[in-house]
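Colleague: Okay, so the sequence shown: first residue is 4 according to the working numbering, each after it adds one.
For each residue, glycine too, the CB sits at the ideal point set by N, CA and C.
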Amino acid sequence: MKEVTERFIANPDFTKEEFKELLKCAEDPEDAAYLAKEAARIRKERYGDKVYTRGLIEFTNYCKNNCYYCGIRRGNLHASRYRLTKEEILDCCADGYELGFRTFVLQGGEDAWFTDERMTDIIRTIRESYQDCAITLSIGEKSYESYRKYKEAGADRYLLRHETANEEHYRKLHPSNMSLSVRKQCLYDLKKLGYQVGAGFMVGSPGQNADCLAEDLVFLKELQPHMVGIGPFVPHHDTAFAKEEAGSVDMTLFLLSVIRILLPKVLLPATTALGTLDPKGREKGLAVGANVVMPNLSPVKNRKQYDLYDNKICTGEEAAECRGCLARRVESVGYHLVDERGDAVL
Ligand code: 5AD
Ligand code: FES
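#1: Please find out if some non-hydrogen atom of the ligand FES comes closer than 7 Å to the beta-carbon of E343.
#2: By Cβ distance below 6 Å, which residues in the same chain neighbour H177 in space, the five residues on each side in sequence not counted?
#3: State yes or no: is the C-beta of V237 nearer than 7 Å to some heavy atom of the ligand 5AD?
#4: Pick helix, strand or coil for E334, following the three-state DSSP scheme.
#5: Between K5, T255, K246, Y198, which lies nearest to Y147 when the distance is taken from Cα to Cα?
#6: Under the criterion of a Cβ to heavy atom distance below 7 Å, does L270 qualify as lining the ligand 5AD?
#7: Which parts of the region 271-342 are runs of the beta strand (DSSP E), unbroken and 3 residues or longer, counting only runs that do not cross its ends?
#8: Note the first and the last residue of the continuous beta strand (DSSP E) segment covering F62.
#9: To the nearest angstrom, how far is the alpha carbon of L102 from that of A323?
#10: Under the criterion of a Cβ to heavy atom distance below 7 Å, does I233 qualify as lining the ligand FES?
#11: Checking 8 Å against the spacing of the C-beta atoms, do L109 and I75 come in under that value?
#12: Would the C-beta of A276 count as close to the ligand HEM, meaning under 7 Å from any of its heavy atoms?
#13: How would you write the range of the alpha helix (DSSP H) that S2 sits in, first residue to last?
#14: Could you tell me whether any non-hydrogen atom of the ligand FES is closer than 7 Å to the CB of I60?
#15: From L270, R151, T63, L226, pick the residue whose C-alpha is nearest to that of R354; which is it?
#16: Quick test of the definition: if touching needs 3 or more C-beta pairs under 8 Å, does the region 264-279 touch the region 294-311?
#17: Just checking my contact of A202 with P235 at CB under 8 Å: how many whole Å lie between their CB atoms?
#18: If we require 3 or more residues per run, which beta strand (DSSP E) segments fall completely within the region 215-266?
#19: So, are the CB atoms of V319 and V336 less than 8 Å apart?
#20: By how many angstroms is the C-alpha of P238 removed from the C-alpha of T279?
#21: Taking the straight line between their C-alpha atoms, what separation do you get for E21 and L311?
#22: What whole-angstrom Cβ distance do L193 and L163 have, given they're in contact under 8 Å?
#23: Mind listing which residues have their beta carbon within less than 6 Å of any non-hydrogen atom of the ligand FES? Chain order is fine.
#24: Does the distance from the C-beta atom of F104 to that of T139 stay below 8 Å?
Right under this line is the structure:
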């Protein structure tokens, strides 16, 4: 066992240099197992054997951005575009509620068709119909004023992965009209408005090195988000990164443990990308500190179109099938899926 592992567990308030040293332990199975065990202990202490579930509604794959890694980037002319109507979105919520979901995540590309007026109308309707549910948005970078309107309409949470906290790396992943500073500002705006905020990044995205990951951890420590979404990078055939290697499952698992120890009460999903690269990926994620799963509630007819990366799982299954499948998977590692809003514990 390396001394740095013990030191991190005793006091996770690490500097960038210390995180870099800690990241080297990912290669040592003994260190990784030790951290995973501690992460599972903390997770149990805070959340018992509960796993929270979020119903993901991917309501538009139109996007004005051109992130180099993403299959629904504007420049991908092969993407077949769709938008759900308000009625379709509400049908997803109704199905989801019936299945026990108490959080709805409205996720989409940055689609100008969904003006603030249309978004607030949808949010308000969901809010009125499902008062015991949390509404999470994941629709990218907006102005403070837009975020304020969504909040006022009834949104509770917002997911916006920072993608990488390293400036230079950010520029490798995004065209020059996007910037890390704007991204971070959005996250701080959301926090200020009282949202429960989720940040996060891809593991193993092209150009990522130990410096980037250490900076991601420092940034998370500084931001103190309620949620952190991390999953391995998975190449998409119609992007500039088609030929790049996928991220590592083991590194993702290692980072899940580290984040659980760093932010003990954080909501940490075992992501679809993790399940895509490894058939047992989500179970492994839960075993090392994750406490959330996000099955898909989108209409099956559109599932394949929300094509962020290749071989995405769960694109053929009905919502009920995914829920049942996940319930079994969660049980297989000794946890239970619960029908609760699933706010972060205090
Ligand atoms: N591989 C893995 N994750 C991806 N995302 C987008 N493209 C990919 C990819 N190729 C993630 C981004 C985004 C989230 C919705 O999906 O981190 O924030
Ligand atoms: Fe969708 Fe298993 S979670 S099929």
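Modeller: Reading it off the structure:
#1: no
#2: C70
#3: For V237, the Cβ falls inside the 7 Å cut-off from some heavy atom of the ligand 5AD.
#4: helix
#5: Y198
#6: no
#7: Listed in chain order, the complete beta strand (DSSP E) runs (minimum 3 residues) inside the region 271-342 are 339-341.
#8: 58-63
#9: 7 Å
#10: no
#11: no
#12: The ligand HEM is not among the ligands present in this structure, which contains only the ligand 5AD and the ligand FES.
#13: Since the displayed the chain opens at 4 and closes at 349, residue 2 lies outside it and no answer follows.
#14: no
#15: Any question about residue 354 goes unanswered here, given that the chain covers just 4 to 349.
#16: yes
#17: At roughly 17 Å, the Cβ-Cβ gap does not stay under 8 Å, so A202 and P235 are not in contact.
#18: 230-235
#19: It is worth fixing the name first, because residue 319 is Gly in this sequence and not Val. The answer is no: Cβ separation not under 8 Å.
#20: 11 Å
#21: 33 Å
#22: 7 Å
#23: P298, C317, E320, E324, C325, C328, L329
#24: no
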